[in-house]
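Asks:
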C-alpha cells in the first residue's frame, strides 16, 4: 500500500535537545505553508509527549478508517492541514505511553504505511528529542517515498548546541539532507522597558550552521503571544502578524519553500 | 548489544522465541528455552552495589527542555556544599547527555579500576557519571535503539564504583520509555526514595508532566514533588516580571492541587541569578529530601 506516495516533500523537524521548539516550529511551519496555499500533512512521532493535537486545537478527535487505511485528522474546514498523532489514540489525555523501542517502532511504521495521506505538498514530521528508536523508525519508514529533508532546531545556548551537533551527525549518517538550522528562543524583548535580554545566551544557532556547512534559516525570539497561541490552538500566522516572532517564522517558511525543492531533488 | 526485531514480543512474554517476528533473531533459542523469563541477575547485583547509597532520587519530566539537568546539577552542588555529604550525579540521558557541560566537565574521561568505573569528581564529595564521558568527540551521536541504551544504564548502575554515597541523583531524558523503565527496573530491589518532577508553567508542558506522573503511579515510584521552572522572567534592567511561558491552565500549582502532589517550589527565569542562588536560598527543599 503506497500511503505516502502522493507526498512531494518530506521534512523531519529534529533536535538533539528537548524543549527547543520542534513542535512549535512544526506547527507554525505547517500554518505558514497552508497560508501560502500548500496542502500540508503533519506526522507527530513523539509517542511519549504528543504536543501537536493541542497546538492545532484538535485534541480529542477520533481517527477513522477508509478503504486505503487510517484517515488523518483534518484540523481545518478547508482540509488543508491533516494530522496524525498517537494523541488521537489515547483513551485520556493523561494516559502515559510507556513503551519500549520495538513497540514504538511498530506504531511509527503504521503511521507511515497505513495512513491515507493523499496528495500533499509537504509532510512535516515532528519528532521527540534524541537520536533513537523514533528517529530511526521514521527515517526507515519514510525513505522509500521521497528524499528526506531535515529542519534542525536549536536554542542559542551551548547546552543545546552540544546536543544538536550530535543530531547533525545523525542526519549525515542516515542520509538526511539538512534544509537548514533554526535558532528558537533567541532573546526576549521586555514589554515594560524594551530591553532585549539573551535569556538563553546567544549566537549558537548561526555558529552551528556555519560549522556544519548548512543554511541558517533564522532566529525566532521568545514571544509570550506565540506561546499562548499554541496553548490555545490558535492560528498564530493568521492572527498575530505584528507579534515579535512573526517575521522570523514567516521568513523561515519562505526559505523552506524556496530551498527544499532544490535541496531535496 | 544486538538489535531486537521489530515485532519483538518481549523477553518476558509467553510468546518469547515463539512468535513469527522471532525468526532470525540471535536470541530466539534463548527466549524459547524460557531463559528470558528469568529475572535479570543484574537487579540483584545492583541491589548489592546500592547498599552503600543511602538516598536515590530520580529527576524526571515528561517534557523536554524544562530544566531537569540544570536542576539536577544544582541540587547536587547544593547538597555537596556540606563537605561531609557524599553526592553522586548519574546522567542517564544517553542521546543528549547535558550534565558534563553543565558541570564544567567536558572532555573528561572515565577511568577503570579493579572495583569498576570511577566517576569523574568535580569536588571531593561530588562524583559524576555520564555517557558524555565515553564519547571521543562532541559531534559523536549515540544512535542506539532501546536495548542498547538499557545495557548502558545497567552498566552505569552496576559497574560504577560510587563508594559510600549519601545522595545519588539520577538525571533522565524526557519521556516515559526505555531509559525510565530501565532505571526503575534495575533499581527495583534497591529502594528509590522517589522522583522530583520538573515542569514549566504552560499547559504544553503540564500535559506531558501528567503523563509522567501516571508513569510514576504505574511503576509505583513515589513522587517527592514537582518543581515549576521558568516561572516568571525578571528583567535584569527594570526588574519587572513577565510570564514568558504563561500558565494558561493554572501552572504547576493547580496541577499539584488537582493531583494532590507537593509543589516543592517555583524557580524564576533570571539569566543573572539562575537556579544556583535559588538552591542556596531555599534549603527547605533539601530538608524535604532529608525527611522523606
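Chains as they are written, first to last, in the working numbering: chain A, 5 to 269; chain B, 257 to 548. Cβ coordinates follow ideal geometry from the N, Cα and C atoms, glycine included. These numbers were taken from a predicted model, which means no experiment stands behind them.
1) Quick check: is the beta carbon of residue 13/A nearer than 9 Å to any beta carbon in chain B?
2) Would you identify the three-state DSSP class for residue 389/B, choosing helix, strand or coil?
3) Could you tell me the boundaries of the beta strand (DSSP E) in which residue 125/A lies?
4) Check each candidate in 418/B, 484/B, 341/B and name the one with the smallest Cα separation from residue 461/B.
5) Which value, in whole angstroms, describes the spacing of the CA atoms of residue 138/A and residue 50/A?
6) In the structure shown, what three-state DSSP assignment does residue 545/B receive?
7) Please determine, among 495/B, 400/B, 427/B, the residue with the shortest C-alpha to C-alpha distance to residue 199/A.
8) Give a yes or no on whether the C-beta atoms belonging to residue 253/A and residue 29/A are separated by under 9 Å.
9) Could you tell me the distance, in whole angstroms, from the CA atom of residue 205/A to the CA atom of residue 165/A?
10) Considering only the beta carbon of each residue, do residue 321/B and residue 224/A sit closer than 9 Å?
11) What are the boundary residues of the beta strand (DSSP E) that residue 220/A is part of?
12) Have a look at residue 178/A and residue 504/B and give me their C-alpha separation to the nearest angstrom.
13) Using the beta-carbon count (16 or more within 10 Å), is residue 20/A buried or exposed?
14) Where do the ends of the beta strand (DSSP E) carrying residue 15/A lie?
15) In whole angstroms, what is the alpha-carbon distance linking residue 241/A and residue 84/A?
16) Cβ of residue 497/B within 9 Å of Cβ of residue 524/B?
17) Closest to residue 512/B by CA distance: which of 328/B, 366/B, 463/B, 486/B is it?
18) Kindly indicate if chain A contains any beta-carbon less than 9 Å away from that of residue 436/B.
19) Per DSSP, what kind of secondary structure is residue 60/A in: helix, strand or coil?
20) Taking the straight line between their C-alpha atoms, what separation do you get for residue 282/B and residue 276/B?
21) Name the one or two DSSP bridge partners that residue 427/B has.
22) DSSP beta-bridge partners for residue 373/B?
23) Do you know how far the Cα of residue 175/A is from the Cα of residue 424/B?
24) With burial defined as no fewer than 16 other Cβ atoms inside 10 Å of the residue's Cβ, what is the status of residue 342/B: buried or exposed?
25) Just the Cα atoms here: how many angstroms apart are residue 141/A and residue 112/A?
26) Return the chain-ordered list of same chain residues with a C-beta closer than 6 Å to the C-beta of residue 196/A, the five sequence neighbours on each side being excluded.
27) What does the alpha-carbon distance come out to for the pair residue 38/A and residue 44/A?
28) Ignoring anything shorter than 3 residues, give me the beta strand (DSSP E) runs that lie fully in the segment 135–209 of chain A, in order along the chain.
29) Mind checking the segment 186–199 of chain A against chain B and listing, in chain order, the residues whose C-beta falls within less than 8 Å of any C-beta there?
30) With a CB to CB cut of under 7 Å and the five nearest residues on each side skipped, what residues in its chain are close to residue 244/A?
31) State the start and end residues of the unbroken alpha helix (DSSP H) segment that holds residue 48/A.
32) Can at least three beta-carbon pairs, one atom from the segment 351–365 of chain B and one from the segment 297–310 of chain B, be found at a separation below 8 Å?
33) In angstroms with no decimal places, state the Cα-to-Cα distance between residue 340/B and residue 518/B.
34) Residue 284/B to residue 264/B, Cα distance in whole Å?
35) Does the beta carbon of residue 132/A come closer than 9 Å to any beta carbon on chain D?
36) What does residue 230/B pair with, by DSSP beta-bridge criteria?
Replies: Judging by the given coordinates:
1) no
2) helix
3) 124–130
4) Residue 461/B has its Cα closest to that of 484/B, out of 418/B, 484/B, 341/B.
5) 8 Å
6) The pLDDT assigned to residue 545/B is 40, lower than 50, so where the model puts this residue is not dependable, and the model offers no usable value.
7) 495/B
8) yes
9) 11 Å
10) For residue 321/B and residue 224/A, no; Cβs fall outside 9 Å.
11) Residues 220–223.
12) 39 Å
13) Using a 10 angstroms sphere on the CB of residue 20/A, the tally of other CB atoms reaches 16 or more, which defines it as buried.
14) 11–18
15) Distance between the alpha carbons of residue 241/A and residue 84/A: 15 Å.
16) Residue 524/B sits close to residue 497/B, with the two beta carbons spaced by under 9 Å.
17) 463/B
18) yes
19) coil
20) 14 Å
21) 315/B, 347/B
22) 368/B, 416/B
23) 35 Å
24) buried
25) 6 Å
26) None.
27) Between the alpha carbons of residue 38/A and residue 44/A lies a gap of roughly 7 Å.
28) 152–158, 181–187
29) Flagged, chain order: 192, 194, 195, 196, 197, 199.
30) 229, 233, 250
31) Where residue 48/A is concerned, there is no enclosing alpha helix (DSSP H), although the beta strand (DSSP E) it sits in stretches over 44–48.
32) no
33) 28 Å
34) Computed Cα separation, rounded: 10 Å.
35) Of the protein chains in this structure, namely A and B, none is chain D.
36) Past the edges of chain B, shown from 257 to 548, lies residue 230/B, and the structure says nothing about it.
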